[in-house]
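Top line first, the protein sequences correspond to chains A and B.
Count the first sequence with the numbering used here and you get residues 913 to 1020, in order.
Count the second sequence with the numbering used here and you get residues 262 to 427, in order.
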Amino acid sequence: MPINYYITLALCLFAIGVVGVLTRRNAIIVFMCVELMLNSVNLLLVAFSKMHHIAKGAAATAGTDGQLFVFFIMVVAAAEVSVGLAIIVMMYRNVHSININFLNRLKH
Amino acid sequence: MNITQLLFWVLTVIAIGSALMIVTSKNPVYSVLGLIVTFFAISGHYILMNAQFLAIVNIIVYAGAIMVLFLFVIMLMNLSKATETLKNKWLQIVGAIAGSCLFLVLIAALKNTEVKQNLVEMGTGDIGLVKSLGRELFTTFVIPFEISSVLFLSAMIGSVVIGKKE
């Protein structure tokens, strides 16, 4: 498979995530779209690592760094989701809604 | 078209279709289900590229743990019937146009690159196996690995502190 198919797929998923963040007002769905964007970048990193591996003449460890980077992104995303959902629960407890239009108190 | 290309296109269609379902569905539970299907499709892509460790970690961490957390929060707050009020039609149209403009610009930037015909290794190569990744993780990347455990501890404490009732 040429790399541009994978780049196009990851761009599609990333653009769908951007559209979701910009159009939806539900905080949980916005959060899920951020997760989708993270995953599209992960897919692209793995594809580039496999491309690098074959471009280096299939050397033993060429391209391992990219896959470990994906692993660390997953670790950070798991930590981020736990804190983010706690913040959303806190917001729901205060304003009884998860519409992000209510989050404009900094403006006033 | 051999079997690898066929699987690639099938997984691509599943991933993009369920990603569209996340954005368009009214009910947040359907959005979560769409995201789970997207994660499984991305794991399928990892398996096609012989990145088996990441495929399994993706299913366990994302589709297993994180999505259960999302479903748990949605059902805890009884949001499955919640409709989005204050709908601004113009905001949605402008958001869709902005997203497609970003997509078009990035595709146009891809058109002039030189790497775009480089091949991705499918189904062979053992850098994605647990053996080689684990050796690299516990020798070269051992300090970031330990720091990430501290990150997990602080995230755990942080979510407990934030979620605590006053």
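All C-beta atoms, glycine included, are put in the ideal place defined by N, C-alpha and C.
Keep in mind that this is a model prediction, so the values were computed, not measured.
- Along the region 999-1020 of chain A, the positions whose C-beta sits under 9 Å from a C-beta of chain B are I999, I1000, V1001, M1002, Y1004, R1005, S1009, I1010, N1011, N1013, read in chain order.
- Taking all protein chains in view, the Cβ of L365(B) is surrounded by fewer than 16 other Cβ atoms within 10 Å, so the residue is classified as exposed.
- In the structure shown, the three-state DSSP call for N373(B) is coil.
- Residue-level contact by beta carbon fails for K968(A) and chain B, as no gap is shorter than 8 Å.
- Taken in chain order, the unbroken stretches of alpha helix (DSSP H) that lie wholly in the region 932-991 of chain A and span 4 residues or more are 939-967.
- Nearest C-alpha to G395(B) among V942(A), A998(A), V995(A), F984(A): F984(A).
- Listed along chain A, no residue sits closer than 8 Å to E375(B) by beta-carbon distance, the nearest being about 11 Å off.
- Burial state of E407(B) is exposed, judged by a 10 Å Cβ sphere holding fewer than 16 other Cβ atoms.
- For K392(B), the enclosing alpha helix (DSSP H) stretches over residues 391-400.
- A contact is defined here as three or more CB-CB pairs under 8 Å, and the region 913-927 of chain A meets this definition with respect to the region 269-288 of chain B.
- Contact of L956(A) with chain B is not assigned, every C-beta pair being separated by 8 Å or more.
- In this structure, S279(B) sits away from S286(B), with a CB-CB distance that is not shorter than 8 Å.
- Within chain A, the residues whose beta carbon sits less than 8 Å from that of F300(B) are N951, listed in sequence order.
- Taking all protein chains shown into account, G969(A) has fewer than 16 neighbouring C-beta atoms within 10 Å of its C-beta and is therefore exposed.
- Note that the region 921-941 of chain A touches the region 951-963 of chain A; at least 3 beta-carbon pairs, one per stretch, sit closer than 8 Å.
- The residues M310, N311, in chain order, have a CB closer than 8 Å to that of E382(B) in the same chain once the five nearest residues on each side in sequence are set aside.
- Taking 8 Å as the cut-off, the beta carbon of G389(B) is found no closer than this to the beta carbon of T935(A).
- Taking 8 Å as the threshold, the shortest C-beta distance from V946(A) to chain B does not fall below it.
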